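Asker:
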Amino acid sequence: MESFDHRTNNFPLARLVGRGRSVLILVLGVLVSGLVIAFAPEPTTGSEAGSNLPDDAESALAIEALQSLPDADEAPAFIVFSREDGALTEADLGTIAQRAQDLAQELGVQASPPIPSEAGDVALVTLPVESGLTSDENSQIVDTIREAASSDLPRGLTAQVTGAPAVFADLGEVFSGADTRLLLVTASVVALLLIVTYRSPWLWLVPLAVIGVGDRVAAKVLEAFSAWADFPIDGSITGITSVLVFGAGTNYALLLIARYREELRRHASRHDAMRFAVGAAAPAILSSSGTVVLGLLALLIADSPFVSRIGMAGAIGIVVAVVFALVVLPAAMSLPGRWLFWPFVPRYGDEDPRHRGWWHGVGRAVTSRPWPVLVTSLALLIAMAAGTLSLRTGLGQSEQFLDTPESIQAQETLSDAFAAGTSSPTRIATTPERVDAVVEAANGVKGVDRATPAGASDSVAEVTVVLAAEPESDEAIATIGEVRSAIDEADPDALVGGTDAEALDERDTAAHDRQLVIPIVLAIVLAMLLILLRSLVAAVLLAGTTVLSYLSALGLGWLLFDHVIGWTATDVSTPLLAFIFLVALGVDYNIFLTARAREEMRATRDATESIVTALAVTGGVITSAGVLLAAVFAVLGVLPLVLLAQLGVIVGVGVLLDAVVVRSIVTPALVRLCGKRFWWPSALGR
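Position 233 of the sequence shown, counting from 1, maps to 233 under UniProt numbering, and the rest follow consecutively.
#1: Taking the runs of the alpha helix (DSSP H) that are 4 residues or longer, which of them lie wholly in the stretch 494 to 577?
#2: Thinking C-alpha only, which one of Asp474, Asp588, Ile257 and Ala77 is nearest leucine 107?
#3: Taking the alpha-carbon of alanine 598 as reference, which of Gly497, Pro668 and Thr180 has the nearest alpha-carbon?
#4: Would you mind reading off the limits of the alpha helix (DSSP H) that contains phenylalanine 225?
#5: On a Cα-Cα basis, can you pick out the residue from His267, Gly648 and Met274 that is closest to leucine 256?
#6: Taking 8 Å as the threshold, find out whether the stretch 571 to 588 comes into contact with the stretch 513 to 525 through three or more Cβ pairs.
#7: For the alpha helix (DSSP H) holding alanine 119, just list the boundary residues, first then last.
#8: Near glycine 120, which residues of its chain fall below 8 Å by C-beta distance, leaving aside the five closest residues on each side in sequence?
#9: Does the pairing of the stretch 88 to 103 with the stretch 168 to 187 give three or more beta-carbon distances under 8 Å?
#10: Who pairs with threonine 430 in a beta bridge, going by DSSP?
#11: For leucine 192, does the count of other Cβ atoms within 10 angstroms reach 16, so buried, or fall short, so exposed?
#12: Roughly how many angstroms lie between the CA atoms of leucine 286 and alanine 57, to the nearest whole one?
#13: Do you know how far the Cα of alanine 494 is from the Cα of threonine 431?
#14: Ignoring anything shorter than 4 residues, give me the alpha helix (DSSP H) runs that lie fully in the stretch 174 to 204, in order along the chain.
#15: Starting from serine 398, trace the alpha helix (DSSP H) in both directions and tell me its first and last residue.
#16: Would you please state the rounded distance, in angstroms, between the beta carbons of leucine 414 and leucine 124? I believe it to be under 8 Å.
#17: Can you tell which of Val547, Arg534 and Gly498 has the C-alpha that lies nearest to the C-alpha of proline 519?
#18: Would you kindly work out how many angstroms separate the C-alpha atoms of residue 692 and phenylalanine 401, rounded to a whole number?
#19: What is the rounded straight-line gap between the Cα of proline 113 and the Cα of alanine 97?
#20: Measure the Cβ-Cβ separation of isoleucine 25 and lysine 220 and say whether it is below 8 Å.
#21: Compare the C-alpha of leucine 395 against each of Val483, Asp474 and Val190 and name the closest.
#22: Examine the Cβ distances between the stretch 491 to 510 and the stretch 457 to 472 and report whether three or more of them are shorter than 8 Å.
#23: Taking the alpha carbon of serine 150 as the reference point, which residue from Ile115, Asp102, Pro165 and Thr570 has its own alpha carbon closest?
#24: Measuring only the C-alpha atoms, how far is phenylalanine 4 from alanine 164?
#25: Quick check: what's the CA-CA separation for arginine 19 versus tyrosine 348?
#26: Spatial neighbours of alanine 614 within its chain, please: CB distance less than 6 Å, with the 5 preceding and 5 following residues excluded, ordered by chain position.
#27: If you measure between the beta carbons of leucine 13 and leucine 326, is that distance less than 8 Å?
#28: Rank Leu657, Ala277, Pro70 and Gly619 by C-alpha distance to the C-alpha of serine 552 and give the top, closest one.
#29: Any contact between the stretch 238 to 249 and the stretch 624 to 638? By contact I mean 3 or more CB pairs, one from each, below 8 Å.
#30: Inspect the beta-carbon positions of alanine 332 and valine 206 and report whether they are closer than 8 Å.
#31: Do three or more CB pairs link the stretch 291 to 306 to the stretch 215 to 231 at distances below 8 Å?
#32: When you compare only the Cα positions, how much space is there between tryptophan 679 and valine 655?
#33: Are the beta-carbon atoms belonging to valine 483 and valine 463 less than 8 Å from one another?
#34: Quick check on alanine 253 - is its C-beta less than 8 Å from some C-beta in chain D?
#35: How would you call proline 154, buried or exposed, if buried means at least 16 neighbouring beta carbons within 10 angstroms?
#36: Check whether the Cβ atoms of threonine 388 and threonine 608 sit closer than 8 Å, and answer yes or no.
Below you can see the structure in the form of structure tokens.
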């Protein structure tokens with residue numbers, strides 16, 4: 001690892017800075033970016049992109065076992081006809097029957113006859129839709145069904161479509177135009193915060209333009225990888241990746257520009273100043289980005305396909321972001337000269353601000369009374385972390401959208417008139433010889449509305465089970481567990497699938513992934529801190545504070561969800577993804593602070609002075625970076641999925657805690673109390 005000493009500029013990336021080299025880098029950057037953006041192939045998409053279900057889950061094996069049955073490649077769409085002003089009339093039922101026949105003829109399928117509810121105010125028609133379609137193909141069919149079913153109906157009669165194809169179509173619809181909307185909102189937020197940070201009419205344009213182009217390049221590289229590796233992606237994956245690129249890339253840009261401003265006071269040549277800035281900032285940026293990339297790649301071992309895809313996509317995004325931050329940005333910043341900082345232009349020979357200012361005062365206050373400050377801060381973080389004790393995971397089907405799309409509205413109407421599980425039947429794969437026993441066992445389970453044979457081949461038979469509870473609710477998932485236990489005696493080899501069984505398997509998968517991935521990511525973070533700081537004590541303490549800030553953010557976030565917003569649970573993926581983003585990104589601020597403290601420690605050999613000076617020179621930029629990253633993650637709320645909104649809240653809160661409480665108060669207090677021992681066993685600790 002190269003020295004962090006600002007008097008050296010031998011770090012390899014620093015050698016790329018210079019008048020001629022900077023021009024060449026910018027030209028190559030524009031050329032390569034243009035080619036990537038223009039010629040990237042179309043990505044692979046599909047419903048499996050957002051699936052949390054591994055291939056070896058029982059529900060997945062059940063669907064595979066049923067593939068030999070007729071119509072196995074079809075999924076039912078349910079058309080719910082209803083009147084709010086009373087029961088359906090005979091004329092209504094005639095219209096519905098004719099509409100079902102017309103739809104069946106138009107689509108070339110067989111529609112069920114209308115099935116009226118007991119109260120007579122709702123009628124149900126079932127249409128088979130081919131499964132395994134692309135998102136666009138499925139949406140086109142669902143749109144056709146919706147338009148044909150609802151056009152020219154008698155006054156007061158309404159038609160809504162639900163079922164798996166409709167839910168999938170609505171999910172695709174919420175991401176329609178989402179990339180552009182997310183890009184515009186994110187860029188606007190970043191621009192505003194950069195203007196506030198730099199108080200310059202044009203300086204903010206340079207990092208925003210560089211990171212903005214980097215975001216588009218990362219998106220196209222991800223699309224190319226998706227096409228090449230048959231790696232399905234959807235709007236949630238690309239949205240999270242874009243937020244990571246903007247958030248992390250801008251953080252790295254802020255750190256580099258802050259160091260460049262500092263070096264401009266020490267060097268008459270702006271190119272020399274940038275070389276020293278890159279040489280000083282790059283090791284910390286590479287260490288922090290390396291931690292993020294390795295943490296994201298650790299998600300590849302997760303059983304959940306969605307989580308592993310997030311890991312791969314995020315790693316691609318961070319690599320692109322760091323290339324633009326450390327290669328393209330220095331070239332773009334060094335060419336214009338000092339005037340870019342106008343009206344606050346750093347002049348050669350200006351006073352060094354490290355021994356004055358707000359953050360120097362904070363450092364002095366914390367290190368003068370470390371015990372009271374540390375105990376109070378830890379007590380606050382632990383109190384917030386206590387919220388995790390009541391955390392619930394697993395959202396029902398109707399709880400996954402911030403808005404209420406048509407498929408969910410239709411499901412609610414259906415649940416009021418029929419068994420709530422009608423639109424999402426459970427499918428059991430058994431043998432023809434054991435069908436009767438399986439039906440009897442399933443019908444004996446509390447919470448089962450009915451179980452009936454549904455078809456058979458020579459070797460496989462299907463039993464369809466309709467539950468009384470809403471799809472993917474806690475009650476439905478508990479019933480699935482009881483169904484599996486009940487039919488085990490009737491047929492030990494029977495497999496239970498369907499939406500509710502998939503939800504149960506996804507919850508089990510999420511719990512397994514947390515137990516598997518979290519220790520590995522912690523080991524990665526600890527190893528990277530050891531390599532960077534060469535101190536076991538520092539690495540353990542910093543990793544510990546980062547984990548505590550994650551637990552605090554998760555606990556506080558859950559209390560907000562439960563008592564303020566009204567969400568009954570987190571998505572099954574939320575705790576693990578929030579952990580990865582917070583631990584990997586949150587440790588950045590401690591890396592930036594302690595890397596500078598290590599540099600100062602080598603010069604002063606005074607642990608307290610080194611951390612106070614480090615806080616004085618990095619406090620402003622790290623706080624700005626934390627606020628910016630929190631705001632960027634909050635932008636995920638423009639995508640109408642509860643999972644993304646929850647990630648935005650938890651990561652935003654956690655980043656602020658890391659940047660403001662942990663880095664500004666807890667870490668300086670720990671350094672003051674440990675003294676030189678903070679750097680043990682390196683030479684600085686002796």
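From the three backbone atoms N, C-alpha and C, an ideal C-beta is built for every residue, glycine too. Computed from a prediction, not measured in an experiment: that's the story for all the values here.
Answerer: Reading off the structure:
#1: Whole alpha helix (DSSP H) segments, 4+ residues: 499 to 533 and 536 to 560.
#2: Checking every option, the nearest Cα to that of leucine 107 belongs to Ala77.
#3: Note that residue 598 is arginine in the sequence shown here, rather than alanine. Measuring from the Cα of arginine 598, the nearest candidate turns out to be Pro668.
#4: 205 to 229 is the extent of the alpha helix (DSSP H) around phenylalanine 225.
#5: Distances from the CA of leucine 256 to each of His267, Gly648 and Met274 were compared; the closest alpha carbon is that of Met274.
#6: With a cut-off of 8 Å on Cβ pairs, the stretch 571 to 588 is in contact with the stretch 513 to 525, counting three or more such pairs.
#7: Unbroken run through alanine 119: none, as it is neither H nor E.
#8: Correct list, in chain order: Ala87 and Leu88.
#9: With a cut-off of 8 Å on Cβ pairs, the stretch 88 to 103 is not in contact with the stretch 168 to 187, counting fewer than three such pairs.
#10: The partner list for threonine 430 (beta bridge, DSSP) reads Ala461.
#11: Classification of leucine 192: exposed, given that the 10 Å Cβ count is below 16.
#12: Answer to the nearest angstrom: the Cα atoms are 38 Å apart.
#13: Cα-Cα distance, rounded: 8 Å.
#14: Counting only runs of 4 or more, we get 178 to 198.
#15: Serine 398 -> no alpha helix (DSSP H), and no H or E assigned at all.
#16: Correct: roughly 7 Å between the Cβ atoms.
#17: For the residues Val547, Arg534 and Gly498, the minimum Cα distance to proline 519 belongs to Val547.
#18: Summary: the structure shown does not reach residue 692, with the chain confined to residues 1 through 686, and so no result is reported for it.
#19: So the alpha carbons of these two residues sit roughly 6 Å apart.
#20: Note that the C-beta distance between isoleucine 25 and lysine 220 is not below 8 Å.
#21: Distance from the Cα of leucine 395 is smallest, within the candidate group Val483, Asp474 and Val190, for Asp474.
#22: Contact holds: three or more Cβ-Cβ distances are below 8 Å.
#23: Looking at the Cα atoms, Asp102 is the closest of the given residues.
#24: Because the pLDDT at phenylalanine 4 is just 41, under 50, the model does not fix this residue reliably, and the value given afterwards should be weighed accordingly. Their Cα atoms are separated by approximately 56 Å.
#25: Roughly 19 Å separates the two Cα atoms.
#26: The answer, listed in chain order, is Leu593, Arg596, Ala597 and Glu600.
#27: Their beta carbons are under 8 Å apart, which means leucine 13 touches leucine 326 by this criterion.
#28: Closest in alpha carbon position to serine 552, among Leu657, Ala277, Pro70 and Gly619, is Leu657.
#29: Taking 8 Å as the limit for Cβ pairs, the verdict is that the stretch 624 to 638 does touch the stretch 238 to 249.
#30: Remark: C-beta atoms of alanine 332 and valine 206 approach each other more closely than 8 Å.
#31: The stretch 291 to 306, when compared against the stretch 215 to 231, does not touch it at the 8 Å Cβ threshold.
#32: The alpha-carbon separation between tryptophan 679 and valine 655 amounts to approximately 25 Å.
#33: No, the pair does not count as a contact, with Cβ atoms beyond the cut-off.
#34: Of the chains in the structure shown, none is chain D; there is only one protein chain.
#35: Counting other Cβ atoms within 10 Å of its Cβ, proline 154 stays below 16 and is therefore classed as exposed.
#36: No.
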